[in-house]
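Asks: Can you keep this structure in mind? I'll have questions shortly.
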Amino acid sequence: FRDDVRCGAFGGIYFAHRNPETGDIVGFEQRWEKDGQKNTARFAKGGVKTVSVLGNPKTATRMVVFEGGLDALALAEFEAREDTIYVSTGVGFGPRTETALVKLAKGRQVLSGFDNDAAGDALHSKLTEFLPAAKRLAPPSRVGVAMKPCKDWLDVLNASEAAPLPAMAATLPRATGDDASESGLPIEAPHAQASVSEPEAPSGPAPMTPHVDEPETPEFG
């Protein structure tokens with residue numbers, strides 16, 4: 001995914017959003033931390049939000065939609081499937097986002113990898129308003145013997161590092177209503193080599209800063 005993901009200042013990670021017609025980069029979804037303060041998933045100023053696509057749309061027969069790029073990257077690493085594109089909306093749906101998703105969904109199985117909570121359920125419901133065939137692929141709430149519950153696919157990837165693979169395979173994604181038949185299937189994936197995680201905060205107390213300037217976005221090819 002080197003053409004669509006970059007690391008930047010403050011240990012940040014940037015996901016390119018492209019024009020679905022031309023392929024040109026038109027904006028950046030960004031996550032970063034400075035002086036112990038983490039920004040929320042947000043979009044770089046001056047950009048145009050469409051979608052961030054990880055994977056090869058020319059060969060993919062399956063699409064999983066996420067709220068943020070980190071979860072898309074986490075499931076991509078966890079599953080390691082070449083038949084799938086992992087698509088981030090950059091938080092919510094705008095007109096260009098919906099248009100891009102409809103275009104990408106043609107001829108593909110569509111799943112939603114939104115968080116395992118009420119907000120994730122609401123996003124899935126919104127997705128089915130314009131992609132009615134979309135099925136729910138919610139993260140499992142528990143992975144093996146992990147102590148902390150999992151809310152998103154980044155949590156699942158990190159927890160799987162400490163969980164035996166058989167325990168992970170026995171855990172079923174959460175499903176609701178008619179979607180249970182789709183997302184109730186075990187996830188078959190090789191053990192992830194390394195976890196994808198948000199930058200760790202410093203061990204000491206963070207200095208008090210009233211405002212954190214956004215870092216410059218990196219260059220994409």
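Just so we're aligned, residue 1 is where the sequence shown starts under full-length UniProt numbering, counting upward by one.
Glycine is no exception: its CB is placed at the ideal position from the N, C-alpha and C atoms.
1) Among the residues of its own chain, which have a CB less than 6 Å from the CB of Ala66, if the five just before and after it don't count?
2) To the nearest whole angstrom, what separates the beta carbons of Leu101 and Val51, a pair I think is in contact under 8 Å?
3) Ignoring anything shorter than 3 residues, give me the beta strand (DSSP E) runs that lie fully in the stretch 83–144, in order along the chain.
4) Secondary structure at Ala189, three-state DSSP: helix, strand or coil?
5) Taking all protein chains shown into account, do 16 or more other C-beta atoms lie within 10 angstroms of the C-beta of Gly120, making it buried, or fewer, making it exposed?
6) DSSP on Val156, reduced to helix/strand/coil?
7) Rank Gly68, Ser160, Leu127 by C-alpha distance to the C-alpha of Val110 and give the top, closest one.
8) What number of angstroms, rounded off, separates the C-alpha of Val151 from the C-alpha of Asn19?
9) In the DSSP assignment, the alpha helix (DSSP H) including Glu79 goes from what residue to what residue?
10) Measure the CB-CB distance between Arg62 and Arg108 and report whether it falls below 8 Å.
11) Where do the N-terminal and C-terminal ends of the beta strand (DSSP E) with Ala16 fall, by residue?
12) In whole angstroms, what is the alpha-carbon distance linking Ala80 and Leu54?
13) Looking only at its chain, what residues have a beta carbon closer than 6 Å to the beta carbon of Trp153, apart from the 5 residues adjacent to it on each side?
14) Specify, as a first and last residue, the run of the beta strand (DSSP E) that Gly27 falls within.
Replies: This is what the structure holds:
1) Inspection of the sequence shows that residue 66 is occupied by Phe rather than by Ala. Closer than 6 Å at the Cβ level, and outside the excluded window around Phe66, lie Ala72, Ser88, Gly113.
2) 6 Å
3) 84–88, 109–112
4) Residue confidence is low: Ala189 scores 37 on pLDDT, short of 50, so the model does not pin down where it sits. Its coordinate-derived value is still stated next. Residue state, collapsed to three classes: coil.
5) buried
6) helix
7) Leu127
8) In the sequence on display, residue 151 carries Lys and not Val. Near 30 Å, if we compare the C-alpha coordinates of Asn19 and Lys151.
9) 69–79
10) yes
11) 13–18
12) 12 Å
13) Asp71, Ala74, Leu75, Gly113, Pro139
14) 25–31
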